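In the numbering used here, the protein residues as written are 2 to 160.
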């Protein structure tokens, strides 16, 4: 049941406990209790809004930055990642299994210059960062399972 609750909340975190209960065949109180338990256990870490930036803030600039880093003794990549996550520009940091880079950093800036400054003056100067490669995101079509442009494919997967 927990997997079903999580799947539903990932699609619509604003669903009411009544609607969730109806979908799962449980009472609204049981739905609320299940969600509360998932939050208390740290399974659900937070809720977020998925925006269509072209409609909300089309001046925002997003980029994925690949970092090649030297793992630190006794902590691997964790200490460098903990430094990076503290920057306001950083949306997410992930450890990758690719041989070409170690960390993927998703950032948001007000413009290209802001992102370039962040990479050159903040990320690249961290001890252990060997190289960076920046990829600017031109358009988002789908995020966290939600279609951004509002058009969802039909049941055959066709537009």
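Ideal Cβ placement from N, Cα and C applies to all residues, glycine included.
None of these values were measured; they are calculated from a predicted model.
Please report how far the alpha carbon of residue i lies from the alpha carbon of residue j, in whole angstroms.
{"i": "residue 50", "j": "residue 92", "result": "13 Å"}
{"i": "residue 28", "j": "residue 46", "result": "24 Å"}
{"i": "residue 116", "j": "residue 34", "result": "42 Å"}
{"i": "residue 57", "j": "residue 74", "result": "44 Å"}
{"i": "residue 68", "j": "residue 43", "result": "28 Å"}
{"i": "residue 11", "j": "residue 101", "result": "31 Å"}
{"i": "residue 77", "j": "residue 19", "result": "46 Å"}
{"i": "residue 149", "j": "residue 82", "result": "29 Å"}
{"i": "residue 55", "j": "residue 139", "result": "11 Å"}
{"i": "residue 127", "j": "residue 84", "result": "8 Å"}
{"i": "residue 16", "j": "residue 131", "result": "45 Å"}
{"i": "residue 5", "j": "residue 114", "result": "43 Å"}
{"i": "residue 98", "j": "residue 104", "result": "9 Å"}
{"i": "residue 147", "j": "residue 7", "result": "15 Å"}
{"i": "residue 89", "j": "residue 96", "result": "19 Å"}
{"i": "residue 79", "j": "residue 36", "result": "30 Å"}
{"i": "residue 53", "j": "residue 123", "result": "28 Å"}
{"i": "residue 3", "j": "residue 144", "result": "22 Å"}
{"i": "residue 118", "j": "residue 125", "result": "10 Å"}
{"i": "residue 26", "j": "residue 41", "result": "23 Å"}
Indicate the three-state DSSP secondary structure (helix, strand or coil) for residue i in the structure shown.
{"i": "residue 52", "result": "coil"}
{"i": "residue 142", "result": "coil"}
{"i": "residue 19", "result": "helix"}
{"i": "residue 88", "result": "coil"}
{"i": "residue 148", "result": "strand"}
{"i": "residue 66", "result": "strand"}
{"i": "residue 125", "result": "coil"}
{"i": "residue 116", "result": "helix"}
{"i": "residue 14", "result": "coil"}
Going by beta carbon distance, what residues of the same chain come within less than 7 Å of residue i, once the five residues before and after it are set aside?
{"i": "residue 120", "result": "66, 133 and 135"}
{"i": "residue 24", "result": "9"}
{"i": "residue 22", "result": "28, 29, 31 and 32"}
{"i": "residue 129", "result": "70, 71, 73 and 81"}
{"i": "residue 48", "result": "14"}
Quick one: residues in its chain with C-beta nearer than 6 Å to the C-beta of residue i, no 5 flanking neighbours on either side, listed in chain order?
{"i": "residue 86", "result": "94"}
{"i": "residue 39", "result": "45"}
{"i": "residue 107", "result": "65, 92 and 93"}
Can you tell me the Cβ-Cβ gap for residue i and residue j, rounded? I've got them flagged as a contact below 8 Å.
{"i": "residue 109", "j": "residue 142", "result": "Their Cβ separation, rounded to whole angstroms, is 17 Å, which puts residue 109 and residue 142 out of contact at 8 Å."}
Ordered along the chain, which non-local residues of its own chain (more than five positions away) have a Cβ less than 8 Å from that of residue i?
{"i": "residue 60", "result": "111 and 112"}
{"i": "residue 137", "result": "62, 63, 64, 113 and 116"}
Quickly, what does DSSP pair residue i with across the bridge? List them, please.
{"i": "residue 134", "result": "67"}
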